[in-house]
Structures are given as C-alpha cells and as structure tokens.
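> Last residue of the sequence shown: 190 (our numbering), numbering continuous.
Positions of the beta carbon are idealized from the N, C-alpha and C atoms, including for glycine.
This structure is a prediction, so every number in the text was calculated from the model and none was measured.
Sharing a structure with you now.
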Amino acid sequence: KVSDWIELDSDDVDVRLASEKAFQQEISWAKHLSVPAVILPTPVRHCFNYAHFVNRALLPASFLKLWVRVPLVAREAMYGDAEAAAPLLIEGASEPPPSAREAAADPWEAWNNMRTACYSHPGLGVALELTSDLPEEEVLQRWMGEPLACVVVPTRIFLRNPKGFPVLTRRHQAFLGALFGRG
8 KVSDWIELDS DDVDVRLASE KAFQQEISWA KHLSVPAVIL PTPVRHCFNY AHFVNRALLP
68 ASFLKLWVRV PLVAREAMYG DAEAAAPLLI EGASEPPPSA REAAADPWEA WNNMRTACYS
128 HPGLGVALEL TSDLPEEEVL QRWMGEPLAC VVVPTRIFLR NPKGFPVLTR RHQAFLGALF
188 GRG
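Structure, rendered in structure tokens:
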C-alpha cells in the first residue's frame with residue numbers, strides 16, 4: 008500500500024515534489040520486492056500528475072499491478088464535512104488538503120479520469136471500498152463494467168445480528184453477490 012499522505016496533484020509545490028519522490032521510492036521498493044499489486048490512494052477528480060506517475064510506474068513493469076482504492080460513496084456524502092475531514096487532516100492543519108476535499112464530489116468520476124489518463128492500462132485496476140451507505144442502483148451498476156481487482160470491506164460497515172455475530176446488510180450482500188457472479 009502506498010502512503011495515504013501522498014498528494015501528487017497538490018497545489019503546494021513542496022508537497023507535490025515530496026509526494027513525487029515518496030511515490031517513486033515506494034513503487035521502486037515494491038518492484039524490488041516483486042510485490043504483485045500495490046494499492047494506491049483515492050485520486051482526486053483532476054488527477055493528471057497522479058496519472059502521469061501511475062503510467063510511469065506501469066509501463067516498465069509488466070508484472071506490477073496498481074490498484075486504485077475508490078470508495079463507493081464519497082466520505083463527505085457519508086459523514087458530513089467535519090467527520091469526513093478528520094481522517095484526512097495532516098498534523099497541525101486546520102482543514103483537509105484541497106485534493107481531499109475535491110475527491111468528495113464523485114469517486115467514480117475521479118477513477119474514470121485516472122483510468123482514461125492511463126489509457127486503460129491492463130495493469131491498472133480498482134480496489135473498490137464498500138461504504139456503510141450504498142448509493143442508488145444505477146451507481147452500483149456503473150461499477151459492474153469496471154476492472155475490479157478487489158473489494159475492500161471495512162469492519163466498520165458490519166452490523167451485529169440478534170446472536171451478536173457481525174453481518175452485512177442484505178443490500179450489501181446482494182451487491183457482493185452480483186460482483187462475484189459477474190466473472
């Protein structure tokens with residue numbers, strides 16, 4: 008997994024340059040270890056520099072797969088501005104970075120821009136993160152045509168059944184069943 012703090016499309020030049028260096032180092036280390044796949048942070052809607060570095064990482068290494076982590080629903084839509092920003096704050100900052108706020112619009116749009124900018128490279132896939140709130144059916148169907156590499160199921164979305172065991176809602180179960188059945 009690449010560090011979450013990396014912001015390759017940051018407006019701050021120092022943050023962007025530090026992010027570029029860290030991204031290259033972490034991808035180089037993954038290649039050195041012959042890691043088959045690396046999970047990348049969620050892209051922002053306008054992720055052209057991010058896509059440039061992802062493309063550079065994919066081209067020389069045919070064995071390395073890069074999986075972009077994309078939530079089904081934007082954090083701000085799920086929790087509201089204050090709670091969504093909390094995990095995205097950098098120490099000492101009073102608000103999340105602009106790129107984190109921008110990603111909140113539509114996760115699929117951000118993914119689609121990334122995929123398009125990388126020319127739909129076969130080594131690029133989605134690590135789709137389930138969220139506690141599932142979007143409407145049309146949005147779920149849109150993901151059926153994407154190159155899903157894995158599905159991330161956070162423990163926080165599980166509920167307890169009457170016997171105390173963790174379970175997913177019926178809607179989550181149906182969506183996962185549809186994803187498993189598409190292959």
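So who's on the other strand from V42, going by DSSP bridges?
Answer is none; V42 lacks a bridge partner.
> Ends of the beta strand (DSSP E) at R76?
72-78 is the extent of the beta strand (DSSP E) around R76.
> Between which two residues does the alpha helix (DSSP H) carrying G152 extend?
Here G152 belongs to no alpha helix (DSSP H), and DSSP marks it neither H nor E.
> CB V75 to CB V133, shorter than 8 Å?
Against a cut-off of 8 Å, the Cβ pair of V133 and V75 comes out as a contact.
> Using 10 angstroms around the beta-carbon of T162, count the other beta-carbons present and answer buried if the total reaches 16, otherwise exposed.
By the neighbour-count rule (16 or more Cβ atoms within 10 Å), T162 is not buried but exposed.
> Measuring CA to CA, which of A156, L66, H53, C54 is closest to F187?
The shortest C-alpha separation from F187 is found at A156.
> Quick one: measure Cβ to Cβ for H179 and L137, integer angstroms, because I've assumed they're closer than 8 Å.
With 8 Å as the limit, H179 and L137 qualify as a contact, their Cβ atoms being about 6 Å apart.
> Going by the CB atoms, is the gap between C54 and A112 shorter than 8 Å?
It is not a contact, given that the beta carbons lie outside the stated cut-off.
> Give me the Cα-Cα distance between H39 and Q32, rounded to the nearest whole angstrom.
Rounded to the nearest angstrom, the two C-alpha atoms are 10 Å apart.
> Under 8 Å, do V80 and I46 count as touching if we go by C-beta distance?
No; because the gap between Cβ atoms is not below 8 Å, this pair is not in contact.
> Should M151 be labelled buried (16 or more other beta-carbon atoms within 10 Å of its own) or exposed?
The residue in question, M151, is exposed, as its Cβ has fewer than 16 Cβ neighbours within 10 Å.
> Taking only the alpha-carbon atoms, compute the straight-line gap between V174 and L183 and give it to the nearest angstrom.
Taking the straight line from one Cα to the other gives about 13 Å.
> Can you tell which of C125, V77, S139, V42 has its C-alpha closest to the C-alpha of Y57?
Minimum Cα distance to Y57 is reached at C125.
> Check the DSSP bridge columns for E136 and list the partner residues they point to.
P78, V159, per the DSSP bridge assignment.
> For E145, tell me which candidate among I34, W115, N168 has the shortest Cα-Cα distance.
Ranking I34, W115, N168 by Cα distance to E145 puts W115 first.
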